[in-house]
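Single-structure report; data block below.
Residue numbers (my numbering): 21 to 832.
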């Protein structure tokens, strides 16, 4: 009932997949009698969303996906976020381009919500967010998200994705769900992988090598596992010719950035006594990424023929370093109490440079200008101390033990912004455009160092009230020193009507604390604004400033201190195992979020009335055409359904086939926009708290409402064949002010294929992603920057076309 009208598959593909699925069903229906084993006792034991030590994926009270390392590697990609997006339909991984450095730490979204509304754990411990704040018009705008791609795939045993609100279990950020990355453990086994490929257009060449292995410690009392990864990716370019200056050819770059990255991850465990273990894992990652800004032609007001006689394309370089370390002790007492005490540090530091650029104000005032600029440094960090205690208690009037769990957490978060060198931000007084063209450096007024702390306590109870009725209850209290107290709760239940059919439901409240970056980050940058922009100016490149809502100019234009987001989550679903090889789950959900934090509209500062108002209050000499700030602007509602089915067929000597069909329908809607601040109303109706691009698009329909994934994995002898067919639903790009400039992009089908040959410990793979070279619809002429940006940054699968690759792996 949720399916959109779909385009037909190419006939050969549709016939082949239908025949394959029908053959699998026939084989199992005829040859495999129903099992008498209880479905709820099958599957991998999970550790996410539960404190019990015997819950499995199939017996979970809430919807959860368990993704093995083998499935991750079968996707063909070397990026963890891309791999998950090809496996889990409710997870999207947009690929923004030409949006400052948003493409260097791309965000992942769950259920179309903000990337910072997904909590990321590694072995159950909170992973640190990136330092970059997404400030441009991209999906995830306004979020400071965790960078999943810092975690090497080679280090992962499996991933548990909890598709339910979990603030009562884990605290802030778990409104949309939880992604828990479980690392490989033990001294046995290892792997070496080398992969390389390029896009069919001839660019984007990339390679990556990784190794993972274990070492025993002190007569098998412990072990140490090491993962190393090194890779390089050339940039891609799908820019078009600027129509008004076609004689210049293609001058813009528009696609994936150029990236070099290295990661090292160490995981260790040691038995101090039979009942006490020491454990640790740490990570160091380095990524050097270079992205394009907008080309400055000789017709552009910011051209400098004396330095760049043919125009110039500024480049934005981000040099990012991630570090993390978790140390802990855990054990079990003779009385059955399980305990875990840990300390957790993590942080990300990003140093910015602008290359191939100029500061025109510096050139005007001093007669020369650098062409390379140090723009400043962003740094985000967290330190946590956790105590977790649990035990199964026997209660006389209950038929099954009760898992009692309680604990506490101290969390300290930091954010720092260091100013760039003077030439990167200098504006002077001449009126000539200042700051490094493309990405202006952070000014001394932007610089600052901020911190906060939170103390949390939680309690949870979980049991089977009868052999068929499982329940859980959790409550968590948080006390932040910057906005106060909040309490979250959750209740979940599951009833197994038979050994093969169950219904489950959950209800919970949640919250997300405004990040320090959302409270204090400020910068000035040059952006392209198309027709119908919120500045009320002709299409072009303009400086805009993001300011703190509590800064002087922010408060003058309606900014207020941020409050936490509050959510109410509801899920209702079924789990059905009609035949041994067939598993089906369907889950309906609704998520309401109040006081959602978003970036305001770009508020124009060019009108005489606004400039006079600011000047009267002591704000003069501004070098930007508009400002924005973070605000608790809206309430939103998310409704949707998740469907996951899997079927395994054994054909004996003819091999085996594993079929997985998964689908997500998700509708986000802004249900309320807070009244315009009085200051904005007094200055004119053209100044709005948020614009229609955010209200109807970035917070709603610019993420596709539907996504379907069909995967077939066939193994026979030494050979493996893997095919994934993905349908991305349509989406809408909204203009900030003018409905006639909105554009609907049609649904698209993508096919990924790979064939592997396994011999001894070796695996050789040749594959292609998007083998039919599918591109999104082209952007209408009014929105394509004169022809240079032919594709939408909102495309859920990017716009690079087909990618072919080869991979060699050795495992022991």
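Glycine included, every Cβ here is placed at the ideal spot set by N, Cα and C.
Being a predicted model, the structure only gives us computed values, none of them experimental.
Given residue 79 as reference, the closest of 658, 830, 488 and 809 once Cα atoms are compared: 488
Assumed close pair residue 637, residue 576 - CB separation to whole angstroms, cut-off 8 Å: 6 Å
Residue 167, DSSP secondary structure in three states: coil
Neighbourhood of residue 540 by C-beta distance below 8 Å, restricted to the same chain and skipping five residues each side: 435, 437, 468, 470 and 568
Sheet register partners of residue 336 (DSSP bridge): 311 and 374
Nearest candidate by alpha-carbon position, reference residue 592, set 439, 525, 603 and 604: 525
Proximity below 7 Å, CB of residue 690 to CB of residue 715: yes
Nearest candidate by alpha-carbon position, reference residue 275, set 828, 811 and 172: 811
Enclosing alpha helix (DSSP H) for residue 747 [first to last residue]: No alpha helix (DSSP H) holds residue 747; the beta strand (DSSP E) holding it covers 739-748.
Opening and closing residue of the alpha helix (DSSP H) in which residue 159 lies: Here residue 159 belongs to no alpha helix (DSSP H), and DSSP marks it neither H nor E.
Unbroken beta strand (DSSP E) run spanning residue 567, endpoints: Taken as a continuous stretch (DSSP letters only), residue 567 belongs to no beta strand (DSSP E), as it is neither H nor E.
When 327, 585, 330 and 337 are compared against residue 120, the one with the closest alpha-carbon: 337
Contact with chain C by residue 707, beta-carbon distance below 7 Å: The question asks about chain C, but that chain is absent: this structure has only one protein chain.
Spatial distance of residue 167 from residue 418 (CA atoms): 44 Å
Segment contact flag, the region 587-607 with the region 643-654, C-beta cutoff 8 Å, min 3 pairs: no
Buried versus exposed call for residue 414 [16 or more other C-beta atoms within 10 Å across all chains shown]: exposed
The alpha helix (DSSP H) enclosing residue 574, as first and last residue numbers: 572-576
Reduced DSSP secondary structure (H/G/I, E/B, other) of residue 104: helix
For residue 179: DSSP bridge partner residues: 87 and 201
Whole-number beta carbon distance between residue 529 and residue 508, since they are thought to touch under 8 Å: 5 Å
Collapsed DSSP secondary structure at residue 188 in the structure displayed: helix
Contacting residues, own chain, Cβ-Cβ under 6 Å from residue 655 (five flanking each side not counted): 614, 691 and 692
C-beta contact flag for residue 133 and residue 200 at 7 Å: no
C-alpha gap between residue 835 and residue 313, whole angstroms: Here the chain comprises residues numbered 21 to 832, so residue 835 is not present and cannot be evaluated.
Exposure of residue 829, with buried meaning 16 or more beta-carbon neighbours within 10 Å: buried
Host alpha helix (DSSP H) of residue 668 (start-end): Unbroken run through residue 668 is the beta strand (DSSP E), 650-670; no alpha helix (DSSP H).
Cα-Cα separation between residue 117 and residue 217, rounded to whole angstroms: 21 Å
Cβ contact check for the region 374-382 and the region 435-454: 3 or more pairs under 8 Å: yes
Residue 43 - DSSP class collapsed to helix/strand/coil: Its pLDDT being 36, under 50, residue 43 is placed unreliably by the model, and the measurement read from it follows with that caveat. Residue 43 falls in the helix class under three-state DSSP.
Assigned secondary structure, residue 282 (DSSP; H/G/I helix, E/B strand, else coil): strand
Contact belief for residue 448 with residue 497 at Cβ below 8 Å, rounded distance in angstroms: About 52 Å; that fails the 8 Å criterion.
Alpha carbon of residue 837 to alpha carbon of residue 297, nearest angstrom: No information on residue 837 is available, as it lies outside the stretch 21 to 832 that the chain covers here.
First and last residue of the uninterrupted beta strand (DSSP E) at residue 524: 521-532
Unbroken alpha helix (DSSP H) run spanning residue 226, endpoints: That residue, residue 226, is in no alpha helix (DSSP H); its beta strand (DSSP E) goes 226-237.
Reference residue 504, options 362, 583 and 110, closest by Cα: 583
Assigned secondary structure, residue 730 (DSSP; H/G/I helix, E/B strand, else coil): strand
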